[in-house]
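Report on one structure; see the data block that follows.
There are 2 protein chains.
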Amino acid sequence: MTETAAPRPAAYTPTDRTVPTRSRERAAYDHAMVHSILDEGYVCHLGFVRDGVPVVLPTLYGRVGERLYVHGSTGSRPLRMAGETDAGLPVCLTVTHVDGLVLARSAFHHSINYRSVMVHGVAHPVTDPDEKREALDALVDHVVPGRSYDSRPANAKELAATAVLRLDLDEVSAKLRTGGPNDEPEDLGLPHWTGVLPVRTSHGAPVPADDLAPGIEVPDYLTTL
Amino acid sequence: MTETAAPRPAAYTPTDRTVPTRSRERAAYDHAMVHSILDEGYVCHLGFVRDGVPVVLPTLYGRVGERLYVHGSTGSRPLRMAGETDAGLPVCLTVTHVDGLVLARSAFHHSINYRSVMVHGVAHPVTDPDEKREALDALVDHVVPGRSYDSRPANAKELAATAVLRLDLDEVSAKLRTGGPNDEPEDLGLPHWTGVLPVRTSHGAPVPADDLAPGIEVPDYLTTL
Numbered sequence: 001m002t003e004t005a006a007p008r009p010a011a012y013t014p015t016d017r018t019v020p021t022r023s024r025e026r027a028a029y030d031h032a033m034v035h036s037i038l039d040e041g042y043v044c045h046l047g048f049v050r051d052g053v054p055v056v057l058p059t060l061y062g063r064v065g066e067r068l069y070v071h072g073s074t075g076s077r078p079l080r081m082a083g084e085t086d087a088g089l090p091v092c093l094t095v096t097h098v099d100g101l102v103l104a105r106s107a108f109h110h111s112i113n114y115r116s117v118m119v120h121g122v123a124h125p126v127t128d129p130d131e132k133r134e135a136l137d138a139l140v141d142h143v144v145p146g147r148s149y150d151s152r153p154a155n156a157k158e159l160a161a162t163a164v165l166r167l168d169l170d171e172v173s174a175k176l177r178t179g180g181p182n183d184e185p186e187d188l189g190l191p192h193w194t195g196v197l198p199v200r201t202s203h204g205a206p207v208p209a210d211d212l213a214p215g216i217e218v219p220d221y222l223t224t225l
Numbered sequence: 001m002t003e004t005a006a007p008r009p010a011a012y013t014p015t016d017r018t019v020p021t022r023s024r025e026r027a028a029y030d031h032a033m034v035h036s037i038l039d040e041g042y043v044c045h046l047g048f049v050r051d052g053v054p055v056v057l058p059t060l061y062g063r064v065g066e067r068l069y070v071h072g073s074t075g076s077r078p079l080r081m082a083g084e085t086d087a088g089l090p091v092c093l094t095v096t097h098v099d100g101l102v103l104a105r106s107a108f109h110h111s112i113n114y115r116s117v118m119v120h121g122v123a124h125p126v127t128d129p130d131e132k133r134e135a136l137d138a139l140v141d142h143v144v145p146g147r148s149y150d151s152r153p154a155n156a157k158e159l160a161a162t163a164v165l166r167l168d169l170d171e172v173s174a175k176l177r178t179g180g181p182n183d184e185p186e187d188l189g190l191p192h193w194t195g196v197l198p199v200r201t202s203h204g205a206p207v208p209a210d211d212l213a214p215g216i217e218v219p220d221y222l223t224t225l
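Heads up: the sequence lines are chains Z and F, in that order. Per full-length UniProt numbering, numbering of the first sequence is gapless, rising by one per residue and ending at 225. Per full-length UniProt numbering, numbering of the second sequence is gapless, rising by one per residue and ending at 225.
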């Protein structure tokens, strides 16, 4: 018999935590959708519990296959907490993109078009040096694809000062709203403008550092970002 | 003696939770800075604890003076949980704006220019009808200033279906990074481009709803947004 890799499931299995209590039609679980939302961003909001109350920290993340990585100083709270026990740190990592402002005729039906991903799980410190290097490259390349090849890699001292947490993509859901407003039939005659104002993220012209040596041009991977 | 209002403190008092463990020079507590960051956004990430683990939910918010409001269906989890006991729901509400990508010569010194606000506290359901209406107007006007005057206000049925939570601005901090990369002296001769790529949020042209009646023009408050 020829050994073949098991086919990878095309979707994450919904759980009690990842099925919304309302607007279930907005939820999605397929890998392609989840990955595309994650790969479009680089800032997540990482939630964890400290002394019984929640903390939500904005931080960078990177994806390598079915793993997410976040990093920080070895002294920062979540990084330290995750390494204190073998059990790891229960977290919720959320990434959100705003695509448009939805203006309905009624205040009640105003909304936002958005795409978000919520990951529930337990974060563990990365101790393997190769995985740590791969994770740090992924973090840099998530912000600016290609940049990890065009910068000095971390040295031993920098690696030792940096903690990396891994969070497996397992209990995951995407949530999306698209399209125009959904007004009540009795409101259709009201005189208010109604529609969607698209929201876009773009980049300004690169601003060179004061001490950039003459002759070093802006790299292609920045102008095409 | 003439009674005068006590002068409002110009800054939030730092606490154990709002003093960062590192990069303390990036923290700010003055009202003006905190308000300006909050007022520039409308999507927050709301963290709460459910069954002992964290949940981070993207949701809209509005500010009225020293109070923040979030809203949702009366059936949604955090809204329901906040009303279950008089103690309210411990939350952490975080708002983040990304201003630029900071490309250093070393991977280690890559960073993000950002402004964020983190609010710790206990959220309580708003039961007073006047405060609830004011909060819902603030939520609409936070997304599109002036819009609450140009849409049908919520009726009794819609008000009953909407739950609003209040979170006082009390234990609050801002955190900011600005400026260029901070490379190590020994890296200054490396051949990599270094500087900042500005990140901007902008709006596309308004897209009218399919059923918008002819003759209703795009309002000024949208074109100037």
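All residues carry an ideal CB built from backbone N, CA and C; glycine is no exception.
Does DSSP classify residue i as helix, strand or coil?
{"i": "Val95 of chain Z", "result": "strand"}
{"i": "Gly83 of chain F", "result": "helix"}
{"i": "Pro181 of chain F", "result": "coil"}
{"i": "Pro191 of chain F", "result": "coil"}
{"i": "Met1 of chain F", "result": "Residue placement at Met1 of chain F is flagged as unreliable, the pLDDT there being 48, under the threshold of 50; a coordinate-derived value is accordingly withheld."}
{"i": "Thr127 of chain F", "result": "coil"}
{"i": "Thr162 of chain F", "result": "strand"}
{"i": "Thr15 of chain F", "result": "coil"}
{"i": "Tyr114 of chain Z", "result": "strand"}
{"i": "Asp174 of chain Z", "result": "Going by the sequence as given, residue 174 of chain Z is Ala instead of Asp. Of the three classes helix, strand and coil, the one that applies to Ala174 of chain Z here is strand, per DSSP."}
{"i": "Ala10 of chain F", "result": "coil"}
{"i": "Asp30 of chain Z", "result": "strand"}
{"i": "Tyr221 of chain F", "result": "helix"}
{"i": "Tyr42 of chain F", "result": "coil"}
{"i": "Asp210 of chain F", "result": "coil"}
Out of the options, state which residue places its alpha-carbon closest to the alpha-carbon of residue i.
{"i": "Pro153 of chain F", "options": "F:Gly204, F:Arg67, F:Leu136, F:Val122", "result": "F:Leu136"}
{"i": "Glu184 of chain Z", "options": "Z:Leu176, Z:Asp168, Z:Val122, Z:Thr194", "result": "Z:Thr194"}
{"i": "Tyr149 of chain F", "options": "Z:Ser106, Z:Asp168, Z:Asn113, Z:Glu186", "result": "Z:Ser106"}
{"i": "Tyr29 of chain F", "options": "F:Arg67, F:Leu169, F:Val43, F:Thr21", "result": "F:Leu169"}
{"i": "Arg67 of chain Z", "options": "Z:Glu84, Z:His31, Z:Phe48, Z:His97", "result": "Z:His31"}
{"i": "Pro219 of chain Z", "options": "F:Ala209, F:Thr223, F:Leu197", "result": "F:Leu197"}
{"i": "Arg77 of chain Z", "options": "Z:Pro54, Z:Val95, Z:Thr94, Z:Thr96", "result": "Z:Pro54"}
{"i": "Tyr221 of chain F", "options": "Z:Leu212, Z:His192, Z:Ser73", "result": "Z:His192"}
{"i": "residue 228 of chain F", "options": "F:Gly215, F:His203, F:Leu167, F:Val199", "result": "Residue 228 of chain F lies beyond the stretch modelled for chain F, which goes from 1 to 225, so this question has no answer here."}
{"i": "Leu46 of chain F", "options": "F:Met118, F:Leu101, F:Tyr12, F:Lys175", "result": "F:Met118"}
{"i": "Thr85 of chain Z", "options": "Z:Glu171, Z:Ala27, Z:Val122, Z:Ala11", "result": "Z:Val122"}
{"i": "Thr162 of chain Z", "options": "Z:Asp141, Z:Leu57, Z:Val126, Z:His35", "result": "Z:Val126"}
{"i": "Gly180 of chain F", "options": "Z:Leu190, Z:Pro206, Z:Arg133", "result": "Z:Pro206"}
{"i": "Arg17 of chain F", "options": "F:Gly204, F:Glu171, F:Asp51", "result": "F:Glu171"}
{"i": "Val49 of chain F", "options": "F:Thr223, F:Ala87, F:Cys92", "result": "F:Cys92"}
{"i": "Gly72 of chain F", "options": "F:Ser151, F:Pro58, F:Pro208", "result": "F:Pro58"}
{"i": "Lys132 of chain F", "options": "F:Leu176, F:Ser151, F:Val64", "result": "F:Val64"}
{"i": "Asn155 of chain F", "options": "Z:Asn155, Z:Asp128, Z:Glu186, Z:His120", "result": "Z:Glu186"}
So, does the CB of residue i fall closer than 9 angstroms to a CB anywhere in chain Z?
{"i": "Thr96 of chain F", "result": "yes"}
{"i": "Pro198 of chain F", "result": "yes"}
{"i": "Ala104 of chain F", "result": "yes"}
{"i": "Glu40 of chain F", "result": "no"}
{"i": "Pro153 of chain F", "result": "yes"}
{"i": "Ile37 of chain F", "result": "no"}
{"i": "residue 226 of chain F", "result": "The structure shown does not extend to residue 226 of chain F, since chain F is modelled only from 1 to 225, so the question has no answer here."}
{"i": "Val164 of chain F", "result": "no"}
{"i": "Pro125 of chain F", "result": "no"}
{"i": "Thr85 of chain F", "result": "no"}
Using the Cβ count rule (16 or more neighbours within 10 Å means buried), how would you classify residue i?
{"i": "Val19 of chain F", "result": "exposed"}
{"i": "Leu188 of chain F", "result": "exposed"}
{"i": "Arg22 of chain Z", "result": "exposed"}
{"i": "Lys157 of chain F", "result": "exposed"}
{"i": "Gly62 of chain F", "result": "buried"}
{"i": "Ser202 of chain Z", "result": "exposed"}
{"i": "Ala10 of chain F", "result": "exposed"}
{"i": "Ala138 of chain F", "result": "buried"}
{"i": "Ala209 of chain F", "result": "buried"}
Does chain F have any CB closer than 9 angstroms to the CB of residue i?
{"i": "Gly180 of chain Z", "result": "yes"}
{"i": "Asp210 of chain Z", "result": "yes"}
{"i": "Val70 of chain Z", "result": "no"}
{"i": "Ser148 of chain Z", "result": "yes"}
{"i": "Glu158 of chain Z", "result": "yes"}
{"i": "Thr194 of chain Z", "result": "yes"}
{"i": "Thr224 of chain Z", "result": "no"}
{"i": "Gly52 of chain Z", "result": "yes"}
So, under 8 angstroms CB-CB, residue i and residue j are touching, yes? Tell me the CB distance rounded to an integer number of Å.
{"i": "Ser116 of chain F", "j": "Pro14 of chain F", "result": "No, Ser116 of chain F and Pro14 of chain F are not in contact; Cβ-Cβ is about 16 angstroms, not under 8 angstroms."}
{"i": "Ile37 of chain Z", "j": "Leu60 of chain F", "result": "With a Cβ gap of about 19 angstroms, Ile37 of chain Z and Leu60 of chain F do not count as contacting."}
{"i": "Asp99 of chain F", "j": "Val199 of chain F", "result": "6 angstroms"}
{"i": "His110 of chain F", "j": "Asn182 of chain F", "result": "The pair is not a contact, with the Cβ atoms about 10 angstroms apart (cut-off 8 angstroms)."}
{"i": "residue 267 of chain F", "j": "Ala82 of chain F", "result": "The structure shown has nothing for residue 267 of chain F, since chain F only spans 1 to 225."}
{"i": "Val70 of chain F", "j": "Leu103 of chain Z", "result": "So it is not a contact: roughly 20 angstroms between Cβ atoms."}
{"i": "Glu25 of chain Z", "j": "His97 of chain Z", "result": "Contact flag wrong, Cβ pair sits at about 19 angstroms."}
Any heavy atom of the ligand ATP inside 8 angstroms of the beta-carbon of residue i?
{"i": "Pro206 of chain F", "result": "The ligand ATP is not part of the structure shown, which contains no ligands of any sort."}
Closest Cβ-Cβ distance between residue i and chain C: below 9 angstroms?
{"i": "Asp168 of chain F", "result": "Among the protein chains in the structure shown, which are Z and F, there is no chain C."}
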